[in-house]
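Protein chains in written order, with our numbering: chain U, 2 to 430; chain F, 2 to 430.
Note that beta-carbon positions come from the ideal geometry of N, C-alpha and C, so glycine has one too.
Small disclaimer: the values here were computed from a predicted structure and weren't measured.
Note sheet for the following structure.
The following block contains the structure:
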């Protein structure tokens with residue numbers, strides 16, 4: 002096993018720069034000695050790294066004197082609220098959204114629009130998305146922020162390490178490379194290399210948001226490093242996080258929880274299988290079981306979250322059919338997750354997306370199945386499986402995760418991705 | 002992320018020693034320049050590492066001149082067939098086995114015995130195992146081999162990083178720490194630290210064997226680095242390998258494929274659940290469905306492999322009940338594995354243990370379900386899921402995997418674990 006960058010002087014320096022930046026981003030403001038202590042280097046070793054990050058504009062001195070008295074007095078260090086911004090975008094079945102976060106993890110711009118993307122070709126969708134991207138970039142530019150990377154969340158399978166959506170059933174997309182359609186948004190104005198583009202399954206990005214923000218919404222990590230993050234919008238997906246890293250699968254197709262067989266002789270699924278989870282806990286299945294017509298509900302309640310709000314309202318009002326539908330969805334989720342827990346032994350299961358808002362009605366039956374079916378894997382003497390919690394981020398997870406993921410290139414390799422202030426800026430839009 | 006050993010000089014040297022040893026173990030005999038080329042160091046950088054490994058007796062010169070003519074001529078290097086040996090042990094429901102492999106990965110001793118371990122307390126089982134361990138050590142000692150580590154395969158859950166069997170349902174063990182009972186086998190004779198002991202789930206060790214040996218039985222890796230290894234003896238377990246590493250789970254309990262729900266309203270399982278895979282594809286279920294009484298079959302056909310041979314013979318003779326039982330086991334396996342494949346997207350599924358010997362009758366129905374239920378995760382245009390293959394190692398996998406795993410401490414940190422020839426030897430037994 003080789004460390005990233007190898008054991009060359011260059012590789013070690015790059016890793017140490019990243020460690021300094023991450024330490025200040027996660028725990029700052031910090032004095033120089035506190036940085037050194039956090040990353041296990043000497044104060045003399047940390048000093049030149051800090052100077053480089055200050056010169057590059059990634060760190061700033063707060064002006065407040067560091068409390069520690071030993072050695073040369075110095076100001077505390079913080080990450081800059083100017084400079085690189087991570088741009089996240091989300092392509093939903095019926096909405097588009099863009100947000101920009103700074104190095105401190107704060108949202109600096111956010112734009113969204115309803116959009117009828119189902120069965121629309123990628124071209125028009127990406128053109129509308131580019132308009133939103135340009136709007137977000139225009140908003141952050143006056144504040145000294147420039148896009149450092151763009152990550153796009155999609156409800157479908159993405160080939161590992163590529164920008165190609167292999168299959169997004171609810172959009173009707175197959176083998177669609179998003180890079181050409183987003184080229185205007187990622188190109189630098191002057192022909193120099195533009196900003197990096199990543200395309201990622203929405204459930205994976207929701208899990209990354211959970212890792213970065215799930216704790217208290219202030220950037221302190223809250224989720225345990227091993228968890229299964231369930232994401233439901235129109236479809237149902239999951240992300241598997243092991244030791245704080247996404248498990249992507251050989252081709253990048255891991256996490257297809259929606260097509261785990263729950264009732265093997267049950268309802269036929271569009272995927273060609275039978276009895277898939279999505280047929281019992283997907284939005285359309287729940288609407289139908291609750292006595293609603295999915296198409297009519299979609300027309301009457303367009304946009305992200307509207308139909309979830311409808312279901313939540315009906316459930317809160319005690320509507321019998323809705324309550325039964327959500328209970329049955331929870332049972333199906335519990336059976337599918339029991340399989341996942343037996344296979345993966347996570348510390349927790351986090352319900353994100355639409356499920357977060359419906360948790361009060363879904364959780365009881367879900368937990369009953371999970372407890373019943375994971376007894377072998379439970380701790381001896383303790384009954385039941387891992388903790389099941391609803392994400393605090395709810396439907397925002399994938400978009401926030403995308404923006405944070407776009408910042409990773411900066412955090413992993415601070416100087417490579419850093420454009421000095423005097424060089425031409427990349428632009429989005 | 003920090004590399005093992007960190008970026009200290011000591012850590013870097015240790016990693017480089019390990020790289021040299023692994024390169025020669027995997028590809029030797031090799032000339033010094035060939036070693037340098039393989040691990041990306043200069044010839045001058047490699048020379049002192051090689052000398053240290055030669056002095057420690059881990060590498061030897063073959064005496065054959067290296068083909069490359071540049072620089073100082075030298076003999077080709079190979080790993081030693083003396084020195085440290087990995088000791089693997091297996092505690093089965095009705096057998097015990099021990100084997101020793103040398104640094105070249107060759108089996109140098111192997112002893113086994115039938116044993117009625119079901120519902121026997123750990124004490125007597127470990128005493129019998131210690132006798133076998135002493136026998137194996139006595140056999141390899143005259144050949145200049147000494148135990149460098151002991152790994153024990155058990156059919157149950159092992160708490161991560163511990164030697165404690167949390168639950169082995171088919172042995173009737175709960176919260177059993179194996180270290181005290183194996184202390185005589187792992188202690189050094191002179192009171193110095195003995196050899197390291199690891200206790201591991203058998204399916205995990207079967208997967209490690211597959212990684213190390215599955216290719217051609219000659220030590221060249223054959224399995225892709227992402228696979229699910231299914232292991233069946235009395236129970237059914239699985240190991241999930243991601244990027245060549247075992248996925249262990251938060252507590253070490255990952256891989257409980259036998260308790261993945263297949264028919265959620267189906268047969269009650271000892272685990273408290275319902276419709277678990279083990280109730281349809283476990284040995285007892287198959288024997289019963291094939292018209293046999295499991296207890297009578299166990300009495301008439303004791304020992305590892307005997308009942309599998311019985312089922313294989315009946316199937317080969319065309320016995321209708323046996324063929325149907327194996328077909329139904331394949332269907333249940335296919336449903337459970339469809340869930341695993343949708344969640345994990347492995348490159349391959351490998352059937353090990355008893356399933357390897359029954360593959361001809363289990364595979365057709367297994368593959369039919371897997372193909373039907375993983376269409377979304379399949380490559381577009383290509384139908385079906387990952388390749389399903391039967392392990393060439395069959396029921397030997399866990400034992401061989403244990404022995405190779407015991408060698409890992411040497412390969413990961415060659416000089417730390419190396420006892421110079423003149424120092425007192427550790428002993429087993």
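- Residue 80(F) and residue 24(F) have their alpha carbons spaced roughly 10 Å apart.
- Secondary structure within the region 350-408 of chain F: the beta strand (DSSP E) runs of 3 or more consecutive residues, fully enclosed, are 388-391 (chain order).
- Taking a beta-carbon distance threshold of 7 Å, residue 340(F) counts as an interface residue toward chain U.
- Proximity of chain F to residue 336(U) at the Cβ level (cut-off 7 Å) is accounted for by 262 and 265, in chain order.
- Within its own chain, the residues whose Cβ lies closer than 6 Å to the Cβ of residue 332(U), once the five positions on either side in sequence are excluded, are 366 and 370, listed in chain order.
- The DSSP assignment places complete beta strand (DSSP E) segments of no fewer than 3 residues inside the region 77-111 of chain F at 84-92 and 96-103, in order along the chain.
- Take residue 362(U), set aside five residues on each side of it, and the residues of its chain with a beta-carbon closer than 6 Å to its own are 316 and 327, in chain order.
- Looking at the backbone, the Cα of residue 404(F) and that of residue 140(F) are separated by about 15 Å.
- Between residue 89(F) and residue 400(F), the gap from beta carbon to beta carbon is short of 7 Å.
- Of the other Cβ atoms in all chains shown, 16 or more fall within 10 Å of the Cβ of residue 201(F); this residue is therefore buried.
- DSSP links residue 272(F) through a beta bridge to no other residue.
- At a cut-off of 7 Å between beta-carbon atoms, residue 374(U) makes contact with chain F.
- Across the region 237-257 of chain U, CB contacts with chain F closer than 8 Å involve 239, 241, 243, 248, 249, 250, 251, 252, 253, 254, 255, 256 and 257, in sequence order along the chain.
- Counting along the chain, residue 185(U) sits inside no beta strand (DSSP E); it lies in the alpha helix (DSSP H) bounded by residues 180-187.
- Chain-order list of chain U residues neighbouring residue 348(F): 251, by C-beta distance under 7 Å.
- Excluding sequence positions up to five before and after residue 103(U), its CB lies within less than 7 Å of the CB of 82, 86, 109 and 146, all in the same chain and listed in chain order.
- With a contact defined as Cβ atoms closer than 8 Å, residue 204(F) and residue 251(F) miss out at about 17 Å.
- Look at residue 273(U): its C-beta is under 7 Å from a C-beta on chain F.
- Chain order gives no chain F residues near residue 171(U), where near means a beta carbon separation below 9 Å; the closest approach is about 11 Å.
- In this chain, the beta strand (DSSP E) harbouring residue 232(F) covers 228-233.
- In the three-state reduction of the DSSP assignment, residue 318(U) falls in the coil class.
- Residue 141(U): member of the alpha helix (DSSP H) spanning 123-141, first to last residue.
- In the assembly as shown, residue 49(U) is an exposed residue. Its beta-carbon has fewer than 16 other beta-carbons within 10 Å.
- When secondary structure is reduced to three states using DSSP, residue 348(U) falls in the coil class, being assigned neither helix nor strand.
- Non-local C-beta neighbours of residue 329(F) in its own chain, meaning closer than 7 Å and more than five positions away in sequence, comprise 281 and 290, ordered along the chain.
- Between the alpha carbons of residue 307(F) and residue 287(F) lies a gap of roughly 14 Å.
- Note on residue 300(F): under 16 other CB atoms within 10 angstroms of its CB, so exposed under the neighbour-count rule.
- Taking 7 Å as the threshold, the shortest C-beta distance from residue 212(F) to chain U does not fall below it.
- In the DSSP assignment, the residues bridged to residue 237(F) are 233(F).
- Counting only Cβ-Cβ distances below 9 Å, residue 414(U) has no contacts in chain F at all, with the closest Cβ about 13 Å away.
- Looking at the backbone, the Cα of residue 310(U) and that of residue 254(F) are separated by about 38 Å.
- Around the CB of residue 346(U), 16 or more other CB atoms lie within 10 Å, so the residue is classed as buried.
- Straight across, the Cα-Cα distance linking residue 134(F) with residue 160(U) is about 49 Å.
- Between residue 94(U) and residue 171(U), the CB-CB gap stays under 7 Å.
- A check of alpha carbon separations from residue 265(U) across 325(F), 228(F), 335(F) and 233(F) identifies 335(F) as the nearest.
- Excluding sequence positions up to five before and after residue 112(F), its CB lies within less than 6 Å of the CB of 99, 133, 136 and 137, all in the same chain and listed in chain order.
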